[in-house]
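Engineer: Residue numbers (this note's numbering), protein chains in the order written: chain A, 23 to 248; chain B, 23 to 248.
The beta carbon of each residue, even a glycine, is placed where N, CA and C say it ideally should be.
Being a predicted model, the structure only gives us computed values, none of them experimental.
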Ligand SMILES: Nc1ncnc2c1ncn2[C@@H]1O[C@H](COP(=O)(O)OP(=O)(O)OP(=O)(O)O)[C@@H](O)[C@H]1O
Ligand SMILES: Nc1ncnc2c1ncn2[C@@H]1O[C@H](COP(=O)(O)OP(=O)(O)OP(=O)(O)O)[C@@H](O)[C@H]1O
Ligand SMILES: [Mg+2]
Ligand SMILES: [Mg+2]
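1. For the stretch 46-107 of chain A, which segments carrying the beta strand (DSSP E) assignment without a break, of at least 3 residues, lie completely within its bounds, in sequence order?
2. What residues from the stretch 53-80 of chain A come within 9 Å of chain B, judged by C-beta to C-beta, listed N to C?
3. With 7 Å as the limit, tell me which residues of the stretch 165-176 of chain B have their beta carbon closer than that to any beta carbon of chain A; keep them in chain order.
4. Since residue 133 of chain A contacts residue 177 of chain A with CB under 8 Å, what's their CB separation in whole angstroms?
5. By the criterion of Cβ-Cβ separation under 7 Å, what are the contact partners of residue 192 of chain B in chain A?
6. List the residues of chain B that residue 163 of chain A touches, going by C-beta distances under 8 Å, in chain order.
7. So which residues of chain A does residue 222 of chain B contact, with C-beta pairs closer than 7 Å?
8. How would you label residue 65 of chain B, buried or exposed, when you count the other beta carbons within 10 angstroms and need 16 or more for buried?
9. Closer than 7 Å to a non-hydrogen atom of ligand 4 - does that hold for the CB of residue 14 of chain B?
10. Measuring from the CB of residue 62 of chain A, is there a heavy atom of ligand 2 at a distance below 7 Å?
11. Which residues does DSSP pair with residue 236 of chain A in a beta bridge?
12. Consider the Cβ of residue 159 of chain A: report whether some Cβ of chain B lies at a distance smaller than 8 Å.
13. For ligand 1, any of its heavy atoms closer than 7 Å to the Cβ of residue 126 of chain A?
14. Using 8 Å as the cut-off, can you tell me whether the stretch 28-45 of chain B makes contact with the stretch 235-247 of chain A, which would need three or more C-beta pairs spanning the two stretches below that distance?
15. Residue 113 of chain B touches chain A at which residues, Cβ-Cβ below 8 Å?
16. Could you tell me the boundaries of the alpha helix (DSSP H) in which residue 193 of chain B lies?
17. Using DSSP with H/G/I as helix, E/B as strand and the rest coil, what is residue 218 of chain A?
18. So, are the CB atoms of residue 230 of chain B and residue 59 of chain B less than 8 Å apart?
19. So if DSSP puts residue 35 of chain B in a beta bridge, which residue, or which two residues, is it bridged to?
20. Do residue 74 of chain A and ligand 2 come close, with the Cβ less than 7 Å from some heavy atom?
21. Closest by CA to residue 186 of chain B, which one among B/206, B/63, B/87, B/139?
22. Let me know the secondary structure DSSP gives residue 181 of chain B once reduced to three states.
23. Indicate the three-state DSSP secondary structure (helix, strand or coil) for residue 158 of chain B in the structure shown.
24. From B/31, B/53, B/50, pick the residue whose C-alpha is nearest to that of residue 44 of chain B; which is it?
25. Tell me which same chain residues have a C-beta within less than 6 Å of the C-beta of residue 219 of chain B, skipping the five on either side of it?
26. Excluding sequence positions up to five away, which residues of its chain have a Cβ less than 7 Å from the Cβ of residue 174 of chain A?
27. When the Cα atoms are used, what is the spatial distance from residue 159 of chain A to residue 122 of chain A?
28. Taking the CB atoms as reference points, tell me whether residue 79 of chain B and residue 29 of chain B lie closer together than 8 Å.
29. Can you tell me whether residue 67 of chain B sits near ligand 4, meaning its C-beta is under 7 Å from at least one heavy atom of the ligand?
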């Protein structure tokens with residue numbers, strides 16, 4: 023269970039303050055699929071960064087399975103994230119000196135899997151996202167959509183309890199995007215994984231039972247099929 | 023007028039060859055608005071990189087206003103590009119140590135405009151794309167869609183004859199995307215600028231009179247309203 027209490031984030035830049043999150047109170051149950059829509063600059067990525075512990079909020083709490091992650095020490099937060107979360111960044115953040123399969127197996131090596139096992143699981147996930155023939159390519163030898171699919175495979179390969187996805191199909195054509203969303207829905211149903219998906223694409227919201235709307239740092243429930 | 027003759031591009035990676043462009047013959051008239059659709063990895067970005075001279079083709083010619091740009095020396099190609107072209111990259115390529123307005127005024131300074139003029143024109147273009155309040159932000163202090171709009175402003179600010187746009191609205195919500203496409207259409211009608219737009223979004227193709235389809239390195243005409 024994910025719960026936020028009065029979550030705020032303010033950026034200060036040359037004396038100007040931007041209130042990116044203005045007090046978010048949100049609850050997400052285990053195994054839920056939730057999408058977040060909202061205009062450019064409305065605070066969606068900021069929210070995901072605070073929910074996942076990648077960034078620290080200015081005020082408020084983020085409680086995941088009764089642990090307030092905003093109070094964890096850096097090391098404990100990193101371990102908690104590695105064990106429980108996958109993150110698909112808006113612009114992928116692949117490691118340029120590692121090839122596709124090495125990028126995907128890295129989170130498994132961090133969790134202590136042996137090389138052979140990690141390589142097998144990484145290859146399997148890259149095949150699932152349609153990249154069987156690109157495993158040895160480095161990020162600068164991949165198309166935009168291929169790089170995004172490597173980032174998706176990396177986030178899913180450890181079968182994390184929670185996956186934060188920031189526009190996971192933004193660089194994909196409709197057909198490839200649908201195949202990714204079908205994979206996500208399958209993992210949600212099979213492993214009861216929670217998915218929180220930021221998107222601009224109304225077709226993506228059809229895969230989630232709840233739709234939240236972000237507007238200038240304020241989050242409202244838009245639709246809840248329960 | 024843009025014309026290609028048997029344009030080919032082959033990438034070699036660890037002995038494996040990828041034929042990204044398999045012989046493209048294309049003609050685009052001055053002032054045309056053309057969109058290019060196609061699945062992830064089909065060769066769209068590779069085509070734009072070769073058309074604009076950012077990358078060299080393996081074979082074939084790219085002729086723009088009777089000049090074969092594939093035979094130009096590097097300095098002449100850079101000057102030709104600075105004078106005649108704007109490029110909206112798929113992942114923006116903003117200069118991290120320059121803020122938004124500095125990124126946008128740079129192509130003007132390269133063309134010899136004085137600081138005061140360049141600053142004025144850059145500010146005007148940033149206002150056009152809805153970033154009046156983000157001019158002093160550095161790229162790492164912008165949201166994904168804001169960064170994309172800075173990249174759009176930079177490509178348009180010199181009013182180039184030809185603009186190559188690689189998924190110009192990929193990181194934008196529907197409303198912001200429409201306002202950008204309206205700006206592009208206005209510039210096309212007012213200044214007779216040519217736009218070649220790669221996109222995954224079928225709504226974007228409604229702004230162009232020609233739609234091309236890329237599939238595994240082969241380009242076909244999909245629709246031509248002439
Ligand atoms: N530097 C490179 N080395 C090897 N292969 C490459 C390189 N750059 C691109 N490729 C391959 O060439 C093919 C075409 O890539 P391109 O970037 O043109 O695709 P695209 O149509 O723009 O795709 P997307 O919609 O995902 O951005 C891809 O399959 C990609 O793996
Ligand atoms: N490091 C920063 N410093 C200053 N302002 C920032 C910083 N990061 C983000 N912002 C501002 O906070 C606001 C929210 O940004 P955020 O990245 O969360 O938007 P978003 O909803 O993800 O937008 P997009 O759909 O364009 O990706 C933006 O207006 C942005 O300018
Ligand atoms: Mg964002
Ligand atoms: Mg591309």
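Structural biologist: So, from the data block:
1. Qualifying beta strand (DSSP E) stretches, in chain order: 55-59, 81-86.
2. From the stretch 53-80 of chain A, only 59, 60, 61, 62, 63, 64, 65, 66, 67, 68 have a Cβ closer than 9 Å to chain B.
3. Against chain A - using a Cβ distance shorter than 7 Å - the residues of the stretch 165-176 of chain B are 165, 166, 167, 168.
4. Not a contact, Cβ separation roughly 14 Å.
5. Ordered by position in chain A, the residues that pass the 7 Å Cβ test against residue 192 of chain B are 192, 193.
6. Per Cβ cutoff of 8 Å: 33, 35.
7. Those within 7 Å of residue 222 of chain B in chain A are 194, 195, 196.
8. Residue burial annotation: residue 65 of chain B is buried, with at least 16 other C-beta atoms found within 10 angstroms of its C-beta.
9. Coverage of chain B is limited to positions 23 through 248, which leaves residue 14 of chain B absent and any answer about it impossible.
10. Annotation for residue 62 of chain A indicates a beta carbon within 7 Å of some heavy atom of ligand 2.
11. For residue 236 of chain A, which the question treats as bridged, DSSP gives the partners A/241.
12. So yes, residue 159 of chain A belongs to the interface.
13. Relative to ligand 1, the beta carbon of residue 126 of chain A is positioned no closer than 7 Å to any heavy atom.
14. Flag = no, the stretch 28-45 of chain B and the stretch 235-247 of chain A do not touch.
15. Contact note: residue 113 of chain B reaches chain A through 113, 166, using a C-beta cutoff of 8 Å and chain order.
16. Where residue 193 of chain B is concerned, there is no enclosing alpha helix (DSSP H), given that its DSSP letter is neither H nor E.
17. If DSSP states are grouped into helix, strand and coil, residue 218 of chain A belongs with the strands.
18. The answer is no: Cβ separation not under 8 Å.
19. DSSP lists B/38 as the bridge partner or partners of residue 35 of chain B.
20. Flag unset: Cβ of residue 74 of chain A not near ligand 2.
21. Checking every option, the nearest Cα to that of residue 186 of chain B belongs to B/206.
22. DSSP places residue 181 of chain B in coil when its eight states are reduced to three.
23. If DSSP states are grouped into helix, strand and coil, residue 158 of chain B belongs with coil.
24. From the listed residues B/31, B/53, B/50, the smallest Cα separation to residue 44 of chain B is found for B/31.
25. Excluding its 5 nearest sequence neighbours in each direction, residue 219 of chain B has C-beta neighbours in its own chain below 6 Å: 57, 187, listed in chain order.
26. Excluding sequence neighbours, residue 174 of chain A sits near 110, 151, 190, 202.
27. Going by the C-alpha atoms only, they are around 6 Å apart.
28. Their beta carbons are under 8 Å apart, which means residue 79 of chain B touches residue 29 of chain B by this criterion.
29. Relative to the non-hydrogen atoms of ligand 4, the Cβ of residue 67 of chain B comes within a distance shorter than 7 Å of at least one.
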